[in-house]
Amino acid sequence: MALYSEKVMDHFRNPRNVGVIEDANGVGEVGNARCGDIMKMYLKIEDDVVKDVKFETFGCGSAIASSSMATELIKGKPLSEVKQLTNEAVAEALDGLPAYKMHCSVLAEEAIQAALEDYYKKTNKKD
Ligand code: FES
3 MALYSEKVMD HFRNPRNVGV IEDANGVGEV GNARCGDIMK MYLKIEDDVV KDVKFETFGC
63 GSAIASSSMA TELIKGKPLS EVKQLTNEAV AEALDGLPAY KMHCSVLAEE AIQAALEDYY
123 KKTNKKD
């Protein structure tokens with residue numbers, strides 16, 4: 003069996019939503035101290051909906067694939083749903099990750115939660 007699913011390879015080779023949103027109203031950056039990978043998420047939120055999302059990831063292929071899939075999962079979604087996104091859901095949408103690569107999907111969950119917190123702080127809205 004291949005180590006990585008076709009979906010992981012697809013999102014690694016053709017990541018969706020890469021880049022920066024200049025006027026993002028929620029930005030979150032997280033890192034993993036052990037592997038040194040860094041992920042940054044930009045959210046453009048309007049009327050409690052993620053209108054746009056982009057990411058920059060300095061990291062392994064699984065981190066890039068996880069960021070890409072996570073952005074696809076939250077784009078156009080209400081914040082009530084975005085808040086619930088788990089790393090397991092990201093990994094599942096990628097048809098799985100090897101156990102020792104699950105922490106890469108955790109970065110995606112954490113980056114989105116950090117961007118949401120930033121949004122709530124900036125807008126004085128309550129979580
Ligand atoms: Fe650390 Fe993938 S090896 S995020």
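Going left to right, the sequence shown walks through residues 3 to 129 as this note's numbering numbers them.
Note that the Cβ used here is the ideal one computed from N, Cα and C, for glycine as well.
The model shown is predicted, which means the values in this text are computed figures rather than measured ones.
Neighbour flag for residue i against chain B, beta carbons, 8 Å
i, result
"H105", "Going by chain labels, chain B is absent from the structure shown, which holds only one protein chain."
Minimum C-alpha distance to residue i - residue among the options
i, options, result
"V29", "K46, N19 and E94", "K46"
"V1", "K128, T88, L96 and P80", "With the chain covering only 3 through 129, there is no way to say anything about residue 1."
"T125", "S82, T88, D97 and D49", "D49"
"D25", "A4, K127 and K53", "K53"
"I114", "E8, N89 and D97", "N89"
Sub-8 Å separation of residue i and residue j beta-carbons
i, j, result
"V51", "G78", "yes"
"R15", "T73", "no"
"A101", "L75", "no"
"A110", "E31", "no"
"S7", "D120", "no"
Chain-order list of residues whose beta-carbon lies under 6 Å from that of residue i (same chain, five-residue window excluded)
i, result
"H13", "A67, S70 and M71"
Beta-carbon proximity list for residue i, same chain, < 7 Å, skipping 5 on both sides
i, result
"S64", "V10, L99, K103 and C106"
Residue i - DSSP class collapsed to helix/strand/coil
i, result
"L75", "helix"
"V32", "strand"
Quiz item: Are the stretch 58-72 and the stretch 25-45 touching by the rule of at least three beta carbon pairs closer than 8 Å?
Solution: yes
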